[in-house]
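Asks: Pasting in a structure now, in structure tokens, and then I'll have a few things to ask.
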Amino acid sequence: MASDVTNSDQNKPSNLGKPIAFVLLAIAAVLFVLGLLDDYEGGLAIHPMDQFVISPLFGDTLNWYTPTNSTLWMALCVIAIVALMVMGTRGRAVVPSRGQSVAELIYGFVRKMVEDVAGKDALPFFPYIFALFMFILLSNLLGLIPMSFTTTSHIAVTAILAAAVFLTVTLVGFVKNGAGFLSLFWVSSAPLALRPILAIIELISYFVRPVSHSIRLAGNLMAGHAVLKVFAGFAGAMGAAAFAPILGIVAIYGLEVLVSVIQAYVFTILTCVYLKDALHPHH
Amino acid sequence: MAETAHNVASAAHGGEAASGGMPQLDFSTFPNQIFWLVVTLVVVYLILSRVALPRVASVLADRQGAIAKDIAAAEELKARAAQAEEAYNKALADARAQAQDIIAQTRSEIAAELADATAKADAQIAAKAKESEVRIGEIRAGAVKNIEAVAKDATAEIVTALGGGKPDAKALKAAIAERMKG
Numbered sequence: 006m007a008s009d010v011t012n013s014d015q016n017k018p019s020n021l022g023k024p025i026a027f028v029l030l031a032i033a034a035v036l037f038v039l040g041l042l043d044d045y046e047g048g049l050a051i052h053p054m055d056q057f058v059i060s061p062l063f064g065d066t067l068n069w070y071t072p073t074n075s076t077l078w079m080a081l082c083v084i085a086i087v088a089l090m091v092m093g094t095r096g097r098a099v100v101p102s103r104g105q106s107v108a109e110l111i112y113g114f115v116r117k118m119v120e121d122v123a124g125k126d127a128l129p130f131f132p133y134i135f136a137l138f139m140f141i142l143l144s145n146l147l148g149l150i151p152m153s154f155t156t157t158s159h160i161a162v163t164a165i166l167a168a169a170v171f172l173t174v175t176l177v178g179f180v181k182n183g184a185g186f187l188s189l190f191w192v193s194s195a196p197l198a199l200r201p202i203l204a205i206i207e208l209i210s211y212f213v214r215p216v217s218h219s220i221r222l223a224g225n226l227m228a229g230h231a232v233l234k235v236f237a238g239f240a241g242a243m244g245a246a247a248f249a250p251i252l253g254i255v256a257i258y259g260l261e262v263l264v265s266v267i268q269a270y271v272f273t274i275l276t277c278v279y280l281k282d283a284l285h286p287h288h
Numbered sequence: 663m664a665e666t667a668h669n670v671a672s673a674a675h676g677g678e679a680a681s682g683g684m685p686q687l688d689f690s691t692f693p694n695q696i697f698w699l700v701v702t703l704v705v706v707y708l709i710l711s712r713v714a715l716p717r718v719a720s721v722l723a724d725r726q727g728a729i730a731k732d733i734a735a736a737e738e739l740k741a742r743a744a745q746a747e748e749a750y751n752k753a754l755a756d757a758r759a760q761a762q763d764i765i766a767q768t769r770s771e772i773a774a775e776l777a778d779a780t781a782k783a784d785a786q787i788a789a790k791a792k793e794s795e796v797r798i799g800e801i802r803a804g805a806v807k808n809i810e811a812v813a814k815d816a817t818a819e820i821v822t823a824l825g826g827g828k829p830d831a832k833a834l835k836a837a838i839a840e841r842m843k844g
């Protein structure tokens, strides 16, 4: 009886979910346009890269410790993670609340990914991988809020994330397997004559990993945000005909939400693949 | 806010020009970004590994335990229900058997009583029949004696009437007894 009541209560908002999402997307598009009109100085002056400029929050000088807009959005990302994973699970309920369900869902998703891709012996690295996933996911999603700053669109950030994964994986590989880790580059299933050539290719691909790992993430987010800004610039310059680019913005915005989640997933699953190579280097 | 953003943006244009127009390649911001990123990652890692992940793991384990416990309890209740049903069936069968016993016992008792009563009635009937026979015998004897007396008187009268004189009582009696036998 009680569960029936709560079920019908929960159904109502989910029926309203689609219209609400559309309204939010429309507001996002309008805010993007307004944000651009703020910069608009006549003519077709589109500055799609201005949104990535790092500026100090206070004053004009930029030292290594200066809090910047990037710092602000990293802090908001931490707050979002705390809200979801700590506040959301505060009830520790056997029958979870909505927030706790989401936290448990993400936990189960990442844990299963680590177990399936990297194996059970990779579970000590689960908190590390989970932290990477949460940071990237929430940074990407927070970056989609109009007027916000996308920390993961900067190569400096993603390069550090990828380098950390690269160093961890390489260290783990040598610590767990010793010199045996080098067998990752020696393809024992190939004909002997081919093996040295393959070894060079494997070695190059190994060192290209952190580059592709970092540029994939930053590139995807930067491109998406820049495209949104360009469309917003068209809208600002077209007057009454602006509805066409605004429709385009709404569509691209939906795509960008997808890209945000998929890129966080891709970064994490590649981390798991690299970790699997480090734990089991034999082909 | 918009004003300052605008100022900073136009101020940053100078730096951008040097790095090909991409703020991403403005290396002067790298130390700042890297420092704050490391701080953020350490904080996120500590919060997740110390607080959030153990909590979620314990909640999931608790749920597994609760589900397993509930299933075990349901299993036990089911076993108990089966046991109760078995006991009920056994009691039913016992009661039925007892009823059969009682019926058989009662039937044999009634049969015995009936046989007893029949035997008693037979005995009574036999006694009555005997008594009646005795009385019939007596009546018959009485009747024979009367007939003897009547025959003696009638014979004496007839003999007298025929002119034979008074007949000898002894001879008369013998002759009548002789006739009555035949």
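If you read the sequences in order, they're chains R and U.
My numbering numbers the first residue of the first sequence as 6 and each following residue consecutively.
My numbering numbers the first residue of the second sequence as 663 and each following residue consecutively.
For each residue, glycine too, the CB sits at the ideal point set by N, CA and C.
Every value quoted in this text rests on a predicted model; they were computed, and no experiment measured them.
From Q767/U to A788/U, what does the alpha carbon distance come to, in whole angstroms?
Replies: One C-alpha to the other measures close to 31 Å.
Asks: Helix, strand or coil: how does DSSP classify P61/R here?
Replies: In the structure shown, P61/R sits in a strand (DSSP, three-state: E or B).
Asks: Can you tell me which of the three DSSP states T73/R falls into?
Replies: Note: T73/R maps to strand in three-state DSSP.
Asks: Answer with buried or exposed for T156/R, where buried requires no fewer than 16 other C-beta atoms within 10 angstroms of its C-beta.
Replies: By the neighbour-count rule (16 or more Cβ atoms within 10 Å), T156/R is buried.
Asks: Closest Cβ-Cβ distance between V705/U and chain R: below 7 Å?
Replies: It does: the Cβ of V705/U has a partner Cβ on chain R nearer than 7 Å.
Asks: Please compile the residues from chain A whose C-beta is within a distance smaller than 8 Å of the C-beta of F140/R.
Replies: Any reference to chain A falls outside this structure, whose protein chains are R and U.
Asks: Closer than 8 Å, Cβ to Cβ, to anything on chain R: give me those residues from the segment 723-743 of chain U, in chain order.
Replies: The residues in question are D724, R725, A728.
Asks: What residues from chain U crowd round V162/R, counting only those whose CB sits closer than 7 Å?
Replies: In chain order: Q695, L699.
Asks: Would you tell me roughly how many angstroms separate the C-alpha atoms of D282/R and I165/R, rounded to the nearest one?
Replies: Using only the alpha carbons, I get a separation of about 20 Å.
Asks: Would you be able to state if there are at least three C-beta pairs under 8 Å between the segment 730-746 of chain U and the segment 160-179 of chain R?
Replies: Contact between the segment 160-179 of chain R and the segment 730-746 of chain U is absent, because fewer than three Cβ pairs lie under 8 Å.
Asks: May I ask you to list, following chain order, the residues of the segment 743-777 of chain U that have a beta carbon less than 7 Å from some beta carbon of chain R?
Replies: From the segment 743-777 of chain U, no residue has a Cβ closer than 7 Å to chain R.
Asks: Taking the alpha carbon of F131/R as the reference point, which residue from L699/U, A714/U, L754/U has its own alpha carbon closest?
Replies: The residue with the shortest Cα to Cα distance from F131/R is A714/U.
Asks: Are the C-beta atoms of P716/U and some chain R residue less than 7 Å apart?
Replies: Not closer than 7 Å to any Cβ of chain R, the Cβ of P716/U fails to qualify, so no.
Asks: Tell me the rounded alpha-carbon separation between N68/R and A167/R.
Replies: C-alpha separation (whole angstroms): 24 Å.
Asks: For S681/U, decide whether its Cβ has a neighbour in chain R, counting only Cβ atoms nearer than 7 Å.
Replies: Reliability of the predicted coordinates at S681/U is poor, the pLDDT of 42 falling under 50, and the value obtained from them is presented with this limitation in mind. Not one chain R Cβ lies under 7 Å of S681/U.
Asks: If you follow the alpha helix (DSSP H) that Q56/R is in, where does it begin and where does it stop?
Replies: Looking at the DSSP string, Q56/R is not in any alpha helix (DSSP H), and its letter there is neither H nor E.
Asks: Where Y211/R and I111/R are concerned, what is the direct C-alpha to C-alpha distance, given to the nearest angstrom?
Replies: Cα to Cα, Y211/R sits roughly 29 Å from I111/R.
Asks: For a quick check, are the C-beta atoms of F186/R and G178/R less than 7 Å apart?
Replies: Going by C-beta atoms, F186/R is nearer than 7 Å to G178/R.
Asks: Should T66/R be labelled buried (16 or more other beta-carbon atoms within 10 Å of its own) or exposed?
Replies: By the 10 Å Cβ count, T66/R comes out exposed.
Asks: Given a cut-off of 7 Å on the beta-carbon distance, is the pair N225/R and F154/R in contact?
Replies: No, the pair does not count as a contact, with Cβ atoms beyond the cut-off.
Asks: Okay, do the segment 129-145 of chain R and the segment 263-278 of chain R touch, 3+ Cβ pairs below 8 Å being the bar?
Replies: Contact holds: three or more Cβ-Cβ distances are below 8 Å.
Asks: Could you check how far apart the C-beta atoms of V255/R and I51/R are, in whole angstroms? I think they sit under 8 Å.
Replies: At roughly 19 Å, the Cβ-Cβ gap does not stay under 8 Å, so V255/R and I51/R are not in contact.
Asks: What's the gap between the Cα of R116/R and the Cα of V264/R?
Replies: Using only the alpha carbons, I get a separation of about 21 Å.
Asks: If you follow the alpha helix (DSSP H) that S770/U is part of, which residue opens it and which one closes it?
Replies: Its alpha helix (DSSP H) spans residues 715-823.
Asks: Strictly under 7 Å for the Cβ-Cβ distance: is F135/R near chain U by that measure?
Replies: Output row for F135/R: interface = yes.
Asks: Please confirm if Y279/R has its CB atom under 7 Å from at least one CB of chain U.
Replies: For Y279/R, the answer is no, since every Cβ of chain U falls outside 7 Å of its Cβ.
Asks: Which residue marks the beginning of the alpha helix (DSSP H) containing R103/R, and which one marks its end?
Replies: Here the alpha helix (DSSP H) through R103/R covers 103-118.
Asks: Counting only the same chain and skipping the five closest in sequence on each side, list residues whose C-beta sits under 8 Å from that of L36/R.
Replies: Only P151, M152 meet the Cβ criterion.
Asks: Let me know the secondary structure DSSP gives A674/U once reduced to three states.
Replies: With a pLDDT of 44 at A674/U, under the threshold of 50, the predicted position of this residue should be treated as unreliable, though the coordinate-derived value follows. In this structure, A674/U counts as helix in the three-state DSSP scheme.
Asks: Starting from V192/R, follow the alpha helix (DSSP H) in both directions and report where the run begins and ends.
Replies: No alpha helix (DSSP H) contains V192/R, which DSSP labels as neither H nor E.
Asks: Contact check, G96/R vs H285/R under 8 Å by CB: the rounded distance?
Replies: Between H285/R and G96/R the Cβ distance is about 39 Å, and since that is not below 8 Å, they are no contact.
Asks: Taking buried to mean at least 16 other C-beta atoms within 10 Å of its own C-beta, is L699/U buried or exposed?
Replies: Result: buried.
Asks: Indicate whether the contact test is met: 3 or more Cβ pairs, each with one atom in the segment 195-203 of chain R and one in the segment 229-244 of chain R, closer than 8 Å.
Replies: No contact exists between the segment 195-203 of chain R and the segment 229-244 of chain R.
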